[in-house]
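Everything below concerns the one structure shown next.
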């Protein structure tokens, strides 16, 4: 059997170049349809490695490009659904592995690869997406040191965007309670892993920016793989951090992990605990700094006083010396007063913070949770009993109504009339009730229904006028 692709035998000498009966004539559309079927059914799914060139994105969301190597090229198309699933942005010059089906676009007779999946050759899709976004944001200036703001030295309140059940928030609160317990903390809970995490992180940053009185934000989570940390490499999170009106500290993963959020933030902390240490100085450190400043101030004052004393001694201006000594005493008293007030304020803030922590701890004890759960269970049991009682009452009312209706129906029943001594007469052999004497003849059999049982009778006489018969 010959196929359409078998080489045709040359026509005999002198014969015109006309098709023979065993070589049917095809239209162009039929030929292209036949070629498409052979390509799609014969090759199935294929993997193709090549370099992207002439890439074009259409408003429909479809992407058209050419895959080429050193010697050949082939057209390819990536439809909108498959393009949306990519983690990176394809571009000219990028070497990729494409999985898809070989087909033919019949209107143009163009052979092409319909790409279903695309990944970089030699570099992971996530890593490539990271590098692409990093380069784009770097070009926009989002990583510039000039745009980064300093973190306040003594913040009064800070906001934290992280998971409320993760280890990061526990580490941060532990450090804050040890170093500066009076610091106010506002938590914006957000998932920090998974497809919905980036949106919740962006929403948390926006919510904290709407609050008044926050001096710094911490965006954080614990360590993990590149996939686990990926929400902090999303462009939406990076732009939310850059747009924050409050300075942002990024503390994502371990010290070796670097995310886009770290690069955009005003300050990068290697770990969540380090972020807490960066955002506040310890009380002891502040006291040491105050004492050192006080010592330097006193030393400078003494030096100044000694110099003035020598000068005034030389001039013999004892009165001026006394005035200066009085001013120095006033300055020393003012320094002592300011130091006492600062320490007192720190003590009061620390005490208030400890009280808040104790109250929160009491509210979250297992015993309190068990009591609340027991109360909810008791309420549920009470509601269940009330529901069963209401259902029983409603069922009883329905039964009483059925009984009343049954009694009414019994009173209206013909059988009740029979119980009072009446009878019903039927034509023999049927259930037709005899209402008129003229419908039967003398000698005809009839059936009489009584209250209990029935009688088979024979008509002895007929009185159509309503008189009594035998």
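Numbering (our numbering), first residue to last: 87 to 556. Glycine included, every Cβ here is placed at the ideal spot set by N, Cα and C.
Distances from the alpha-carbon of residue 298 to those of 278, 332, 305, 319 put 332 closest. Where residue 255 is concerned, the enclosing alpha helix (DSSP H) starts and stops at 253-265.
Beta bridge pairing from DSSP links residue 131 with 187.
Nearest to residue 361 by alpha-carbon distance, out of 394, 322, 265, is 265. Taking all protein chains shown into account, residue 319 has 16 or more neighbouring C-beta atoms within 10 Å of its C-beta and is therefore buried. For the 8 Å CB-CB criterion, residue 237 and residue 155 do not form a contact.
With the rule of 3 Cβ pairs closer than 8 Å, the stretch 290-310 does not count as touching the stretch 465-485.
The DSSP-derived three-state label of residue 206 is strand. Between residue 242 and the set 435, 327, 131, 536, the nearest pair of CA atoms involves 435. Three or more beta-carbon pairs separated by less than 8 Å are not found between the stretch 373-392 and the stretch 280-292, which leaves the two stretches without contact. Taking a cut-off of 8 Å for Cβ pairs, the stretch 183-196 and the stretch 120-140 touch, as three or more such pairs fall below it. As the crow flies, the alpha-carbon of residue 181 is around 44 Å from that of residue 365.
In terms of CA proximity to residue 377, 428 leads the group 492, 445, 428. Under DSSP, residue 197 takes part in a beta bridge, and its partners are 190. Taking 4 residues as the minimum length, the alpha helix (DSSP H) runs contained wholly in the stretch 142-187 are 166-170, in order along the chain. Within the same chain, and ignoring the five residues on either side of residue 203 in sequence, the residues whose Cβ sits closer than 6 Å to its Cβ are 185. DSSP assignment within the stretch 478-524 yields the following whole beta strand (DSSP E) runs of 3 residues or more, N-terminal first: 510-513. For residue 347, same chain residues with a beta-carbon under 8 Å away, outside a window of 5 residues either side, are 305, 318, 319, 323, 324, 327, 336, 338 in chain order.
One thing to note: residue 528 has its Cβ no nearer than 8 Å to the Cβ of residue 516.
The three-state secondary structure of residue 330, taken from DSSP, is coil. The shortest C-alpha to C-alpha distance from residue 341 to any of 486, 459, 355 is the one to 355.
Within the DSSP bridge table, the entry for residue 531 names 544 as partners. By the neighbour-count criterion, in which 16 or more other beta carbons inside 10 Å mark a residue as buried, residue 430 falls on the exposed side.
Comparing C-alpha distances from residue 421 to each of 382, 438, 539, 250 shows the shortest one belongs to 382. Counting only the Cα atoms, residue 146 lies some 18 Å from residue 191.
With respect to the 8 Å criterion, residue 161 and residue 152 are classified as neighbours on the basis of their beta carbons. Secondary structure of residue 245 (DSSP, three-state): strand. The C-beta of residue 541 has fewer than 16 other C-beta atoms within 10 Å across all chains shown, which makes the residue exposed.
The beta-carbon separation of residue 251 and residue 201, rounded to 41 Å, does not stay under the 8 Å limit for a contact.
Looking at the backbone, the Cα of residue 142 and that of residue 276 are separated by about 37 Å. The C-beta separation of residue 513 from residue 532 comes to about 7 Å, placing the pair in contact by the 8 Å criterion. Within 10 angstroms of the beta-carbon of residue 357 lie 16 or more other beta-carbons, which makes it buried. Per DSSP, the beta bridge partners of residue 353 are 335. The straight-line gap separating the alpha-carbon atoms of residue 349 and residue 315 is approximately 14 Å. As the crow flies, the alpha-carbon of residue 374 is around 15 Å from that of residue 433. The shortest C-alpha to C-alpha distance from residue 163 to any of 123, 173, 140, 174 is the one to 140.
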